[in-house]
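Engineer: Have a look at this one.
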Amino acid sequence: MRKRTRHHTPRGPLARRRSLGAAAPLALLLSGCVPTAQQQRADFMEPPPMSRTIAASGVKSVSAKGWPSQQWWKAFRSPELDRIMEKSLIDNQNLRKAADTLKEAESAVDIASSRLTPYVETDLSYKQNRYAERGVAAGLNPKVGGLEKSAAFLNPISAKWELDFWGRNRALLDAAIGDALAQAGELEQTRLLLTTSVARAYLRGYVLAEQLKLAKELTSLRRELRQLFETRYATGIEPLDFVQIARSNEEAAVRREASLVAAISIQENALARLMGEGPDVARGLFEGKKQVAPVQPGLPQRLPIELLAHRPDLMAALRRAEAWADRIHAAKALFLPSMDISVSAGLEASVTSSQFAKLGGYLFNPGAMVYSVTPGLHLPIFQGGKLTGNLEMQRADYDQAVDTYNETLLTAAQQVADALANLKRFKSEYESQSRFVQARRAEADLARIRLSNGLRDRREYVQEYADMLDALYIQRGLEGDKLVAAVDLFQALGGGFDAGPQAYEPKPAPETDPITPVVDAVQSLGGG
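What follows is the structure in structure tokens.
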């Protein structure tokens, strides 16, 4: 159980307004000095136990080594799916956007790393000025009144370096690296969502196409039955009720066929978008395709540890929490003294404009050399509560990141459990429906034999054969459900992503760093 202890009760906006009252100026003055009580940060959850869930699923366990592969969709053994997947991974716009965002995060690492090195510049400047004849300078020295002067400055070396005594700049660099790693996880998560979306759309489209073949045959049979009943009604053998039933069955078959055509088009449109193309690219994609072999994947042992922790979204959530932990350290370092040093060295010369030709000679002369060394010490004493507010903001962001990680972990466990339950359900329903199809097929075969022996008319055989096709239609749908459930399981397990955190990898502890007692002492004295 995750616990979070609060040692102080934050005051809401209404309470703060009432407390100010007539003493508002004094309250505002003191609010920046009052130290915040130390509090425990949000705790990371461990991967939840799932042994009973896995056992109840009835799925066979296999070795975790190399399973699932990052190209998990190849387990469906569909060359067409492989082709679509390859194009989607190249041209999908969301994947490109995620890759661009990762580049931005990596650039932020370069910016943060620059804080650890001295800044070195070279300055070259020229100045031309004229003193007023009756100006301030002329009042002090009448000889410069109306004088024009030229000055040149050349500083080959101008450097500034912030001495990172408390590790603030290092913490900011680590935070930027954490953000980049988190974005890398987001990129992998986008890739996983893309591949699973492609697989679902293709498998659903394929199964719908198989069902459409059956629906067309059923429409033809329903039409034949309607014609048979109309003939028998015309001859007085059957009542009108049977004719109306046959007509309604035919119209239902026509509507089913039309809905399947539309559903296939929707899956084709989705695949075209996922491939980064317009709808025409996928039009007619499922015409004449070969059978896709259904797959029921096995599960690795110690599932919560070996695979749940390796989900890309879980990795991204953990790295973001680590980044906020580093920012907490950086916020604490602002309470402490900082020191920097500036160094500059160069040449400087100034002449009157009438002697401009001599400026170069004066500039490049040993006597024109100038330099300065400026150490700086900065000690924050009273910041009106800015530093304390900044620290509390970083702490709140860290707690939110940990809560996001925990919620992502629980969501991952739920998705695995749901996928296992659906796999078990659709496997059982598919097997039951397969036995039902066999029974219907046997009845249709018997009706065909009776028809060939003259014991029954064609109406009975057509009806039995149509009932068999109806059962086969449902079986095809369950086959698709089983395939999609396998895709759901691949997604829930991270799709072969293997760069995530280890199950028992040390988690951040931002309140245990060495400078925390010093910061607490500074706050107790009213600093920040």
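No gaps in the numbering here: position 294 of the sequence shown is 294 in this note's numbering, and each next residue is one more. All C-beta atoms in this analysis are idealised placements derived from N, C-alpha and C, irrespective of residue type, glycine included. All values derive from a computational prediction rather than experimental measurement.
Where does T235 fall in DSSP's three states?
Structural biologist: In the structure shown, T235 sits in coil (DSSP, three-state: anything other than H, G, I, E or B).
Engineer: On the criterion of 16 or more Cβ atoms from any shown chain inside 10 Å, does D179 qualify as buried, or is it exposed?
Structural biologist: That one is buried.
Engineer: Spatial neighbours of P239 within its chain, please: C-beta separation below 6 Å, excluding the five flanking residues on both sides.
Structural biologist: There are no such residues.
Engineer: Curious, which full-length alpha helix (DSSP H) runs of at least 4 residues does the region 300 to 380 contain?
Structural biologist: As far as the region 300 to 380 is concerned, its whole alpha helix (DSSP H) runs of at least 4 residues are 303 to 306, 312 to 333 and 359 to 363.
Engineer: Thinking just about the alpha-carbon of each residue, which of M393, R458 and G360 is nearest to the one in A152?
Structural biologist: Comparing Cα positions, the closest option is G360.
Engineer: Could you pull the DSSP bridge partners for A151 from this structure?
Structural biologist: Per DSSP, K127 and S350.
Engineer: Less than 9 Å between the beta carbons of E268 and L285, yes or no?
Structural biologist: Contact: yes.
Engineer: Are the Cβ atoms of A253 and R223 separated by less than 9 Å?
Structural biologist: Contact flag set, yes.
Engineer: Is there contact here, the region 372 to 380 with the region 330 to 337, by at least three beta-carbon pairs under 8 Å?
Structural biologist: Touching, yes.
Engineer: Keeping to the same chain, check which residues put their C-beta closer than 7 Å to that of M393; ignore five residues upstream and five downstream.
Structural biologist: Same-chain partners within the cutoff: there are none.
Engineer: Output yes or no for whether 9 Å exceeds the beta carbon distance between N155 and D110.
Structural biologist: In this structure, D110 does not lie closer than 9 Å to N155 by Cβ.
Engineer: Measure the CB-CB distance between L95 and L194 and report whether it falls below 9 Å.
Structural biologist: Their beta carbons are under 9 Å apart, which means L95 touches L194 by this criterion.
Engineer: Per DSSP, what kind of secondary structure is H8 in: helix, strand or coil?
Structural biologist: In this prediction, H8 scores a pLDDT of 39, lower than 50, which makes its location untrustworthy; the coordinate-derived value is nonetheless stated afterwards. In the structure shown, H8 sits in coil (DSSP, three-state: anything other than H, G, I, E or B).
Engineer: Look at the alpha carbon of K522 and the alpha carbon of K332, and state the distance between them as a whole number of angstroms.
Structural biologist: The sequence given here places Val at residue 522; Lys does not occur at that position. Rounded to the nearest angstrom, the two C-alpha atoms are 10 Å apart.
Engineer: With a threshold of 16 other CB atoms inside 10 Å of the CB of D91, please say whether the residue is buried or exposed.
Structural biologist: Under this definition D91 is an exposed residue.
Engineer: Buried or exposed for E86, going by 16 or more other Cβ atoms inside 10 Å?
Structural biologist: Classification for E86: exposed.
Engineer: At the level of alpha carbons, what is the spacing between T411 and I449?
Structural biologist: Looking at the two C-alpha atoms, the distance is approximately 56 Å.
Engineer: Pull up the distance between the alpha-carbon of L203 and that of L469, whole angstroms please.
Structural biologist: So the two alpha carbons sit approximately 21 Å from each other.
Engineer: Note down, in chain order, each residue of its chain lying with its Cβ closer than 6 Å to the Cβ of L26, except the 5 sequence neighbours on either side.
Structural biologist: The predicted model places L26 with a pLDDT of 35, which falls under 50 and marks its position as unreliable; any figure quoted below should be read in that light. Contacts found: none.
Engineer: Within the same chain, show all residues whose beta-carbon is closer than 6 Å to that of E210, passing over the 5 residues directly before and after it, in chain order.
Structural biologist: The residues are R476.
Engineer: If you draw a straight line from the alpha carbon of L391 to that of I54, how long is it in whole angstroms?
Structural biologist: About 44 Å.
Engineer: If we ignore side chains and look at the alpha-carbon of each, how far apart do T101 and A499 end up?
Structural biologist: Cα to Cα, the separation comes out at about 19 Å.
Engineer: E162 bridges to which residues according to DSSP?
Structural biologist: Partner(s): D340.
Engineer: Using the rule of at least 16 other Cβ atoms within 10 Å of the residue's Cβ for burial, across every protein chain shown, is Y430 buried or exposed?
Structural biologist: By the neighbour-count rule (16 or more Cβ atoms within 10 Å), Y430 is buried.
Engineer: Whole angstroms is fine: what's the gap from G384's alpha carbon to S524's?
Structural biologist: Those two C-alpha atoms are separated by around 14 Å.
Engineer: According to DSSP, simplified to helix, strand and coil, what is E121?
Structural biologist: Here E121 sits in strand by DSSP.
Engineer: Apart from the five residues on each side of it in sequence, which residues of its chain come closer than 6 Å, Cβ to Cβ, to V343?
Structural biologist: Answer for V343: A159 and V373, listed in chain order.
Engineer: When burial is assigned at 16 or more other CB atoms within 10 Å of the CB, is D535 buried or exposed?
Structural biologist: The structure shown does not extend to residue 535, since the chain is modelled only from 1 through 528, so no value can be given for it.
Engineer: Kindly list the residues whose CB is nearer than 7 Å to the CB of I84, restricted to its own chain and excluding five residues on each side of it in sequence; keep chain order.
Structural biologist: Cβ neighbours of I84 beyond the five flanking positions: V198, Y202, L271 and M275.
Engineer: Do L163 and D112 come within 9 Å of each other at the CB atom, strictly closer than that value?
Structural biologist: Looking at the sequence provided, one finds Ala at residue 112 rather than Asp. For A112 and L163, no; Cβs fall outside 9 Å.
Engineer: Does the distance from the C-beta atom of L212 to that of I264 stay below 9 Å?
Structural biologist: Cβ atoms of L212 and I264: closer than 9 Å.
Engineer: Under the three-state reduction of DSSP, which class applies to P506: helix, strand or coil?
Structural biologist: If DSSP states are grouped into helix, strand and coil, P506 belongs with coil.
Engineer: Report yes if the C-beta distance between S57 and K424 is below 9 Å; otherwise report no.
Structural biologist: Yes; because the gap between Cβ atoms is below 9 Å, this pair is in contact.
Engineer: What three-state label does DSSP hand I157 in the structure shown?
Structural biologist: Strand, per DSSP.
Engineer: I think L549 touches Y465, with their Cβ atoms under 8 Å apart; what is that distance to the nearest whole Å?
Structural biologist: Only positions 1 to 528 of the chain appear in the structure, and residue 549 is not among them; the question remains open.
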